[in-house]
Structures are given as structure tokens and as C-alpha cells.
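A.B. asks: First residue of the sequence shown: 15, per the working numbering; consecutive thereafter.
Even glycine gets a Cβ: it sits at the ideal position worked out from N, Cα and C.
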Amino acid sequence: MAQAVGQYLMKQKTLFACLGLIFISFGSVAKGAENPSIVVQSTTSTKNSGLYDYLLPKFTKETGIDVHVVAVGTGAAVRNAMNCDGDVLLVHSQQREEDFVASGYAPRRYALMYNDFILIGPKSDPAQLAGGQDAVAALRKIAAKGYSFISRGDDSGTHIKERALWQMAAFDPTAHSGDWYREVGTGMGATINIAVGLGAYTLSDRATWLKFTNKSDFKILVEGDKRLFNPYGIMRVTKEKCPGANISHAQTFIDWLTSNAGQTLITDYKIDGKTLFFGNSN
Numbered sequence: 015m016a017q018a019v020g021q022y023l024m025k026q027k028t029l030f031a032c033l034g035l036i037f038i039s040f041g042s043v044a045k046g047a048e049n050p051s052i053v054v055q056s057t058t059s060t061k062n063s064g065l066y067d068y069l070l071p072k073f074t075k076e077t078g079i080d081v082h083v084v085a086v087g088t089g090a091a092v093r094n095a096m097n098c099d100g101d102v103l104l105v106h107s108q109q110r111e112e113d114f115v116a117s118g119y120a121p122r123r124y125a126l127m128y129n130d131f132i133l134i135g136p137k138s139d140p141a142q143l144a145g146g147q148d149a150v151a152a153l154r155k156i157a158a159k160g161y162s163f164i165s166r167g168d169d170s171g172t173h174i175k176e177r178a179l180w181q182m183a184a185f186d187p188t189a190h191s192g193d194w195y196r197e198v199g200t201g202m203g204a205t206i207n208i209a210v211g212l213g214a215y216t217l218s219d220r221a222t223w224l225k226f227t228n229k230s231d232f233k234i235l236v237e238g239d240k241r242l243f244n245p246y247g248i249m250r251v252t253k254e255k256c257p258g259a260n261i262s263h264a265q266t267f268i269d270w271l272t273s274n275a276g277q278t279l280i281t282d283y284k285i286d287g288k289t290l291f292f293g294n295s296n
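1. Taking the Cβ atom as the reference point for each residue, do Leu126 and Ser56 lie within a distance shorter than 8 Å?
2. Find out if the Cβ-Cβ distance for the pair Lys255, Gly118 is shorter than 8 Å.
3. Just the C-alpha distance for Lys284 and Leu290, rounded to the nearest angstrom, thanks.
4. So Val53 packs on Val84, CB below 8 Å; how close in whole Å?
5. Going by DSSP in three states, Gln109 sits in which element: helix, strand or coil?
6. I need the straight-line Cα distance from Ile234 to Gly135, nearest angstrom please.
7. Starting from the Cα of Leu107, find the closest Cα among Ala264, Ala189, Gly247 and Asp80 and give me that residue.
8. Among Ala184, Gln181 and His173, which one has its Cα closest to the Cα of Arg196?
9. What do you reckon, are the CB atoms on Thr216 and Thr205 nearer than 8 Å?
10. Can the beta-carbon of Ser170 be found closer than 8 Å to that of Leu212?
11. Would you call the CB atoms of Met249 and Phe114 closer than 8 Å?
12. Less than 8 Å between C-beta atoms, sequence neighbours within five positions excluded: which residues of the same chain meet that for Thr58?
13. Can you give the Cα-Cα distance for Trp194 and Met182, rounded to whole angstroms?
14. Taking a contact to mean a Cβ-Cβ separation below 8 Å, would you say Lys142 touches Val236 in this structure?
15. According to the Cβ coordinates, are Leu242 and Asp130 closer than 8 Å?
16. When the Cα atoms are used, what is the spatial distance from Glu112 to Ala120?
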């Protein structure tokens, strides 16, 4: 009799344990449903500029979807997305973006916004670039006398643009790497800090520069060259390449950003009265 009671109690404990696991599982699912999230592989400039701090709380409040941003250089962001480490890719190298789509990692590229690149440097301006609008001519002046130039050297969108400008100048600065041309392999903010510390020239996206606080005597020296145009694109990864991707919430994020309301929010984001990005999805 005692043995039968013991077996009965054991079965009851097992039943309750199973029910407990079921309730925990349902609770986890319910919690996940209440707090859906996506991962955005992003360029650093959008994060450094404060744009995400401005936009994402509004998006989450409206949709209930949390957004986790991984901010790295464009090259690294593309590689991360190809490794299925994100649901959305937001970068600023159009050729890389189009290659990403052509390789089947995204169904399409959405134009999102744009700003421009600028050449910055110290007030002393030894190469006498101030007021210029020809970025290629400016780089030739820097190279002619070997004035210090800091390159991100990290395969970011900014680095890709810089390499393209040097190519237009018909000059390979890497032959002088470690001398007057220094490749630091850092994000935009850190690169500007190094340039300020060394009194060197560098290429920056305008948004990061406007947000940057340690400007010292540095200023914009060259701007307005159409070759400094800086478009941003956004894509969601495909289920075919990344079966675990959250494409539904990723598409919701893209649709929200490219809507009239989202585009207005992007263009309305300002620092000291200056617009950092201009929406251009329409």
C-alpha cells in the first residue's frame, strides 16, 4: 500500500513538473509576442549622430517592436548581415548595397536618406584648403606637400568614399602609409579625435561632425562637391539566406522609416538648428 501511494505521489510530481514547464514555455512565448525585436546592422554615423536615440523610441512606442542596433563600419555591417547576424541592414555604400541585393541577401534596396561628406582640418590649414569645393583637388594639395591626413582605414562607407576620391586624384596614398598618411582602423568619432590630436586633415560625414563635441579649432574646409554626396540605403535580409530572420518586423521598420511620417521625422532631426539627414525615399 505504501509503495502504491509513493508511486502515485511521484506521478503527481512529474505531472506538475511537466505542467510547470508548459506554463513557462507559454509564458516565454507570450513575453516574446509582447516584446518583439529586431537587430539592425548599421553604419556608425547614424548612431554617432544621435539619430537612433531620436527615432527608435518613437518607433517602439508606435509599434511595440524593440530595435537593437549594432553600429560598425559599412563593410563589417554588410558582412554581419551576410552571416545572418541581423534582420535589417542600414549603411551608406550604394554599390555594396546593390551587390548585397544581387547576391540574394535582400529583396530590394530602399533609398532612405542622404547628407554629404566634408573635409575637415585645423584652423591653421597648412594646405590652404579653406573655402574649397573641389575635394579631389584638395587631396592633391595634401599629397603634394605630405600634410598629415587621417584615414579611417576600416572599409567603412566613409573609407570607401575616401578611396574613391584618391582614385579620382590619380594618387595612391597607401604608399605613404605610416608617414603623413595614417590608417587608424577606427570609427568616425575616434578618427576625428585622432585628427584633432595630431592637427591632421580627415574626411567625415557631416552628421557625425555636427554631433561631435571635441572640435577644438577644427572646422569644415571643403564642402559642396557633388562627389561628396552621401546616400543611405536600408534593406531587410531574406528568409532564403537567413531562415531565422524576423522579416515581418524588419519590413515594418523599413515601411515606418520610408513612410511620409518617418521621412519627416528624419529631416526634422537637427543639431543647433542644422539638419543632419534629408529623407529621400519618396
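C.D. replies: Reading it off the structure:
1. no
2. yes
3. Taking the Cα positions, Lys284 is about 6 Å away from Leu290.
4. 6 Å
5. Three-state DSSP puts Gln109 in a helix.
6. 7 Å
7. One detail in the question is off: residue 107 reads as Ser in this sequence, not Leu. The candidate whose alpha carbon is nearest that of Ser107 is Gly247.
8. His173
9. yes
10. no
11. Contact: yes.
12. Ala85, Val86, Gly87, Ser170, Gly201, Met202, Gly203 and Thr222
13. 20 Å
14. A quick correction: the sequence has Gln, not Lys, at residue 142. Not a contact, by the Cβ cut-off of 8 Å.
15. yes
16. C-alpha separation (whole angstroms): 9 Å.
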